[in-house]
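**Student:** This is the structure I want to talk about, given as structure tokens.
Residue numbers (our numbering): 47 to 264.
Right under this line is the structure:
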């Protein structure tokens, strides 16, 4: 009995190849993912989703996308459908943020020290944000159905707690991914870790064409 269990545990480490992705499968109660670009560099700050037909559950909380140093902070945010997001202004100037996206259309004029109006995102999809005062400001909110999601750190890694082992569609998204959909999806059998190599790269952020000290844009 113990010998059989030991063999099963030793055999639980597998390496599976799905297209351009390499997945390492082991046993645990959480899933750790590492995402690399085609170049081999870490894919930092990308959205990662674990999706499947039988997945259910909630992972909703009050999220925040502020305005800081005349940029959206964070640049990319991922939340579950039904979540509410606050948009505080941490700058000492006015912002006038807006979304014309069909997923959620809204606008708010935000002054220093004035509370924003929380916005609930009740549809899945991608919302692109801008600012009428500072044209270079762009932000993105990815709204998903699955409770299993996150964003990678500077090393291209993230851990998704409470995600059970099983079959998933693993989706990676970033607005600067160098393909038409800005995303990559692979079907994987995952237990506790997955190493994903994207078939493309994530472009570097471009420097703003505006002088941030130019007061006429305040």
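Using N, Cα and C, we set each Cβ at its ideal position, and we do this for glycine too.
1. Using the C-alpha atoms, what's the distance from residue 194 back to residue 200?
2. Ends of the beta strand (DSSP E) at residue 119?
3. Near residue 154, what residues of its chain come up, given a Cβ to Cβ distance below 7 Å and the 5 sequence neighbours on each side ignored?
4. Under 8 Å, with one C-beta from each stretch per pair, do the region 232–243 and the region 109–122 reach the 3-pair mark?
5. Can you give the Cα-Cα distance for residue 191 and residue 169, rounded to whole angstroms?
6. Can you tell me where the beta strand (DSSP E) holding residue 171 begins and where it ends?
7. Tell me residue 100's beta-bridge partners as DSSP assigns them.
8. Confirm, please, whether the CB-CB distance from residue 125 to residue 189 is below 8 Å.
9. Give the straight-line distance between the Cα atoms of residue 222 and residue 248, rounded to the nearest whole angstrom.
10. If contacts are defined as beta-carbon pairs under 8 Å, then residue 76 and residue 209 qualify, I think. What distance do you get, rounded to the angstrom?
11. Measuring only the C-alpha atoms, how far is residue 81 from residue 219?
**Tutor:** Reading off the structure:
1. 20 Å
2. 117–119
3. 133, 143, 162 and 163
4. no
5. 9 Å
6. 171–177
7. BP columns for residue 100 are empty, so no partner.
8. yes
9. 5 Å
10. 7 Å
11. 11 Å
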